[in-house]
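First comes the structure, then the notes that go with it.
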DNA sequence: GACGATGTTGGCAC
DNA sequence: GGTGCCAACATCGT
């Protein structure tokens with residue numbers, strides 16, 4: 019479900035509620051997505067305060083006081099709901115003085131993790147796409163020989179892009195998803211850098227894309243799905259040239275592109 | 001009812 | 001070390 023713009027939206031919707039609040043109680047189901055023992059995680063969280071909540075790539079990091087981290091990754095179908103309903107797919111509930119934080123995830127691809135230190139997966143993330151300079155971005159890509167879309171999805175290369183925004187950025191830059199990274203010209207890579215930053219900024223402004231069930235912590239859907247130019251538009255006309263949008267597979271992921279606007 | 005698709009990523013093979 | 005494939009899971013559309 020959630021890529022950078024969706025996770026950013028969830029974090030922004032939680033920021034007014036969480037910082038400063040003390041965790042009165044924590045309850046976890048015994049499910050694979052919790053990295054800890056449920057009882058140990060609950061015991062570790064009880065009594066601690068949330069000092070801050072921030073996004074790192076697609077991870078949500080809550081810094082605690084006394085020190086520690088509670089880390090959430092929403093996977094494909096994870097939701098963090100403020101005062102949300104507890105249901106069949108609820109795996110965790112944190113109770114505060116002034117509300118509850120409910121984690122729900124039907125497919126269980128998400129991750130919940132209490133940790134004393136920042137886990138390696140977070141340390142190994144690549145740069146933030148909204149912060150990386152054009153020069154650095156071009157230099158990094160020039161070192162790699164992967165197909166460009168696979169590289170954009172690699173979180174250790176760049177943090178935060180997923181299937182939707184990789185397709186949308188490649189379309190805006192006019193680059194074929196199977197293009198070999200190091201063979202692209204500097205000019206085209208400069209265009210890709212700009213396209214990534216534009217599409218992410220616009221998607222954040224639209225509060226993310228709600229394809230099926232994505233919502234922020236207040237249960238609000240995003241609107242950016244209405245601005246998608248290629249993602250899930252297979253068979254429809256290209257908004258730029260009218261050619262028929264195609265779908266193929268790259269790294270087992272559905273990949274949408276315009277065969278006329280995105281030359282290899 | 002079966003089959004294939006779905007916003008992710010980590011582990012394994014080459 | 002870089003790259004690519006598959007599995008983990010539930011649900012929905014054809």
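In this note's numbering, the protein residues as written are 19 to 282.
Beta carbons: idealized from backbone N, C-alpha and C, even for Gly.
Below 8 Å, too few C-beta pairs join the segment 254 to 273 and the segment 207 to 224 to call them touching: fewer than three. Closest by C-alpha distance to residue 55, out of 130, 22 and 118, is 130. Relative to residue 237, the option among 228, 244 and 243 whose CA is nearest is 228. By the Cβ rule, the segment 125 to 139 counts as touching the segment 85 to 102, because three or more pairs are nearer than 8 Å. When rounded, the separation of the alpha-carbon atoms in residue 23 and residue 53 is 25 Å. If only uninterrupted beta strand (DSSP E) runs of at least 3 residues are considered, those enclosed by the segment 59 to 126 are 67 to 74, 77 to 83, 86 to 91, 97 to 100, 108 to 114 and 117 to 122. In the structure shown, the three-state DSSP call for residue 209 is helix. Distance between residue 155 and residue 127, taken at the CA atoms: about 30 Å. Here residue 34 is exposed, its C-beta having fewer than 16 other C-beta atoms within 10 Å.
In chain order, 165, 166 and 282 place their CB closer than 8 Å to the CB of residue 197, counting only its own chain and leaving out the 5 sequence neighbours on each side. Distance between residue 151 and residue 171, taken at the CA atoms: about 18 Å. Just measuring C-alpha positions, the residue of 208, 149, 184 and 212 sitting nearest residue 271 is 184. In the DSSP assignment, the residues bridged to residue 46 are 110.
A check of alpha carbon separations from residue 206 across 215, 214 and 192 identifies 192 as the nearest.
Under the DSSP definition of a beta bridge, residue 132 partners with 88.
Residue 80 has its alpha-carbon roughly 10 Å from the corresponding atom of residue 29. Take the alpha-carbon of residue 202 and the one of residue 145: they are about 20 Å apart. Apart from the 5 residues on each side of it in sequence, residue 97 sits with its Cβ closer than 6 Å to the Cβ of 122 in its chain, given in chain order.
Under the DSSP assignment, residue 273 falls in the beta strand (DSSP E) whose first and last residues are 271 to 275. Per DSSP, the unbroken beta strand (DSSP E) holding residue 266 starts and ends at 264 to 268. Minimum Cα-Cα distance from residue 194 among the listed residues 267, 142 and 179 corresponds to 267. If you draw a straight line from the Cα of residue 148 to the Cα of residue 36, it is about 25 Å long.
Between residue 73 and residue 44, the CB-CB gap reaches or exceeds 7 Å. One thing to note: residue 242 has its Cβ no nearer than 7 Å to the Cβ of residue 253. When secondary structure is reduced to three states using DSSP, residue 51 falls in the coil class, being assigned neither helix nor strand. Secondary structure of residue 255 (DSSP, three-state): strand. The beta-carbon distance between residue 108 and residue 90, rounded to whole angstroms, is 14 Å. This is too long to meet the 8 Å contact definition.
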